[in-house]
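S.K.:
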Amino acid sequence: SNPHLLTSLLDALMKCGDVAHAESLFYSSKHKVLSSYGAMMKGYVENNLAQKTIELFNELKNPADVNKTLLTQMKLDDIQSNIPIYLSAIKAVSQIGDYSKAQSIAKQIPDSLLVENQIRGALIDLWGKVGSVVEAKLIFDKIRQPNIIEYTTMVNSYGLNGMGMQAIALFHQIPREFLHEATYVCALNACSHSGLVSEARLIFKNIEMKTMRIYSTMIDCLSRASAFEQAQELIDEYERNHSPDSTMYMALLSGARNAKNVYLSQNIYDRMKNLFPEEKDPLISAAVLLANVYASSGEIDKASDIRLEIYKSGTKKKVGLTWITVDGQ
3 SNPHLLTSLL DALMKCGDVA HAESLFYSSK HKVLSSYGAM MKGYVENNLA
53 QKTIELFNEL KNPADVNKTL LTQMKLDDIQ SNIPIYLSAI KAVSQIGDYS
103 KAQSIAKQIP DSLLVENQIR GALIDLWGKV GSVVEAKLIF DKIRQPNIIE
153 YTTMVNSYGL NGMGMQAIAL FHQIPREFLH EATYVCALNA CSHSGLVSEA
203 RLIFKNIEMK TMRIYSTMID CLSRASAFEQ AQELIDEYER NHSPDSTMYM
253 ALLSGARNAK NVYLSQNIYD RMKNLFPEEK DPLISAAVLL ANVYASSGEI
303 DKASDIRLEI YKSGTKKKVG LTWITVDGQ
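Numbering (this note's numbering), first residue to last: 3 to 331.
1. Can you give me the C-alpha to C-alpha distance between Asp303 and Tyr46, rounded to a whole angstrom?
2. Does Asp13 come out as helix, strand or coil in the three-state DSSP assignment?
3. Enumerate in chain order the residues of its own chain whose CB-to-CB distance from Tyr101 is below 6 Å, with the five nearest sequence positions on each side excluded.
4. So for His195, helix, strand or coil by DSSP?
5. Express the C-alpha separation of Cys223 and Arg259 in angstroms, rounding to a whole number.
6. To test your reading of the DSSP string, which unbroken alpha helix (DSSP H) runs of 4 or more residues are found completely within the stretch 235 to 306?
7. Of the choices Thr213, Glu231, Asp143, Asn191, whose alpha-carbon is the least far from that of Ala169?
8. What did DSSP end up calling Ala227 once you bin it into helix, strand or coil?
9. Do the stretch 77 to 91 and the stretch 28 to 48 touch if we need at least three Cβ pairs shorter than 8 Å?
10. Mind checking Leu116: buried by the 16 CB within 10 Å criterion, or exposed?
11. Would you mind reading off the limits of the alpha helix (DSSP H) that contains Phe173?
12. Near Ala22, what residues of its chain come up, given a Cβ to Cβ distance below 6 Å and the 5 sequence neighbours on each side ignored?
13. By Cβ distance below 8 Å, which residues in the same chain neighbour Ile205 in space, the five residues on each side in sequence not counted?
14. So Glu183 and Arg215 are in contact, right, with Cβ under 8 Å, and what is the actual spacing, rounded?
15. So Leu11 and Leu27 are supposed to be a Cβ contact under 8 Å. How far apart are they, rounded?
16. Just the Cα atoms here: how many angstroms apart are Asp67 and Ile81?
17. Within the same chain, show all residues whose beta-carbon is closer than 8 Å to that of Met16, passing over the 5 residues directly before and after it, in chain order.
18. Helix, strand or coil, according to DSSP, for Thr219 in the structure here?
19. Enumerated in chain order, which unbroken segments of the alpha helix (DSSP H) with a length of 4 residues or greater are wholly contained in the stretch 96 to 146?
20. Below 8 Å between beta carbons: does that hold for Leu51 and Tyr39?
21. If you draw a straight line from the alpha carbon of Tyr265 to that of Ile209, how long is it in whole angstroms?
22. Starting from Asn158, trace the alpha helix (DSSP H) both ways and give me its first and last residue.
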């Protein structure tokens, strides 16, 4: 009967991925408050259930769909000023990547919230992910003194849309003391997806504290450009002081697959099996890539043998998720 206890329980269940029990508790409760809705919406986003987040948001925005007892506890003013509610809705639409839904949610955000850093950053991210860099830049340009999250999100928006030079130009405008791991990763990713290898090398060279993610992103950039020797040198450099990481090898293997380099792909896969015998998911993904390399090179029998091994292992590659819109839904 305690609404605050309900919110805490919902939050805990969602963080554990137990969506079914959270839903059962939420819909059976007669004591929901706005924070209960917030916990469910945030949980749905964290568990990649974007459509359910949007459905709850719409329920809140349409009082006719909410019971009258609940309305006495959740005034429209409270909803209009609730940053977490809008953040979850924006992030859900970002996951779906639908432009029309992005337009819809953007129109519903109260002017009073558009000055909030979290909302502005989320909107820049949203517009970048639905392919509207113009809208993202309109928001960014209105910010008098961008913080590092806003800078980083705008750099990423450029990168996601193949605008590598714009991403790098903005990156170089960021005060050096602001820069952190995520900013470097987004800048290097932008270079990677636009083929700006020289620019990526320069950025990487000037990074004082190079983390695993930074190394992995640079290795991905080099591998996409078929600079395999340099990518391998970076892996060796990293492993002088750190344990091997499968992400780096997957980046190298993906590049070898794109280049249809069968010999290199096989060598990378064999090395991964020796280094990461217990990491089932990366090994399955690597085996699938290797089979694809053989198949694209005309070695169908070899590709079939690898796929048969995957099947016999009983392990399945994690399935990806793609959103499509049909009749506006």
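Beta carbons: idealized from backbone N, C-alpha and C, even for Gly.
M.R.: In terms of the structure at hand:
1. Mapped onto the sequence shown, residue 303 falls at position 301. Mapped onto the sequence shown, residue 46 falls at position 44. About 43 Å.
2. For the purposes of this step, residue 13 is identified with residue 11 of the sequence shown, where counting begins at 1. Asp13 falls in the helix class under three-state DSSP.
3. Residue mapping note: residue 101 aligns to position 99 of the sequence shown, counting from 1. Cβ neighbours of Tyr101 beyond the five flanking positions: Val132.
4. As a working note, residue 195 is residue 193 in the sequence shown. Three-state DSSP puts His195 in a helix.
5. Along the sequence shown, one-based indexing puts residue 259 at 257. Along the sequence shown, one-based indexing puts residue 223 at 221. Their Cα atoms are separated by approximately 14 Å.
6. 248 to 260, 264 to 277, 282 to 298
7. The count along the sequence shown starts at 1 and reaches residue 169 at position 167. It is Asn191.
8. Here residue 227 is taken as the residue at index 225 of the sequence shown, counted from 1. In the structure shown, Ala227 sits in coil (DSSP, three-state: anything other than H, G, I, E or B).
9. yes
10. The residue given as residue 116 occupies position 114 in the sequence shown. Leu116 comes out exposed.
11. Taking the first residue of the sequence shown as position 1, residue 173 is located at position 171. Looking at the DSSP string, the run of the alpha helix (DSSP H) that includes Phe173 is 166 to 173.
12. Sequence index remark: in the sequence shown, residue 22 carries index 20 (1-based). Excluding positions up to five away in sequence, the list is empty.
13. As a position in the sequence shown, residue 205 is number 203, starting the count at 1. Hits under 8 Å: Ile170, Phe173, Tyr186, Ala189, Leu190, Cys193.
14. Here residue 183 is taken as the residue at index 181 of the sequence shown, counted from 1. Here residue 215 is taken as the residue at index 213 of the sequence shown, counted from 1. Their Cβ separation, rounded to whole angstroms, is 6 Å, which keeps Glu183 and Arg215 in contact under 8 Å.
15. On the sequence shown, residue 11 is found 9 positions in, with the first residue counted as 1. On the sequence shown, residue 27 is found 25 positions in, with the first residue counted as 1. Sure, about 6 Å apart at Cβ, within 8 Å.
16. In the sequence shown, the residue the question calls residue 67 occupies position 65. In the sequence shown, the residue the question calls residue 81 occupies position 79. Legend: pLDDT at Asp67 = 49, less than 50; position of this residue unreliable, no value from coordinates given.
17. For the purposes of this step, residue 16 is taken as residue 14 along the sequence shown, with counting starting at 1. Contacts found: Ala24, Ala41, Met42, Lys44, Gly45, Tyr46, Glu48, Asn49.
18. The residue you call residue 219 lines up with position 217 of the sequence shown. If DSSP states are grouped into helix, strand and coil, Thr219 belongs with the helices.
19. 101 to 110, 119 to 131, 135 to 143
20. As a working note, residue 51 is residue 49 in the sequence shown. As a working note, residue 39 is residue 37 in the sequence shown. Cβ atoms of Leu51 and Tyr39: not closer than 8 Å.
21. Within the sequence shown, residue 265 is the residue found at index 263, counting from 1. Within the sequence shown, residue 209 is the residue found at index 207, counting from 1. Each residue's Cα considered, the two are about 33 Å apart.
22. In the sequence shown, counting from the first residue as 1, residue 158 sits at position 156. Start and end: 150 to 162.
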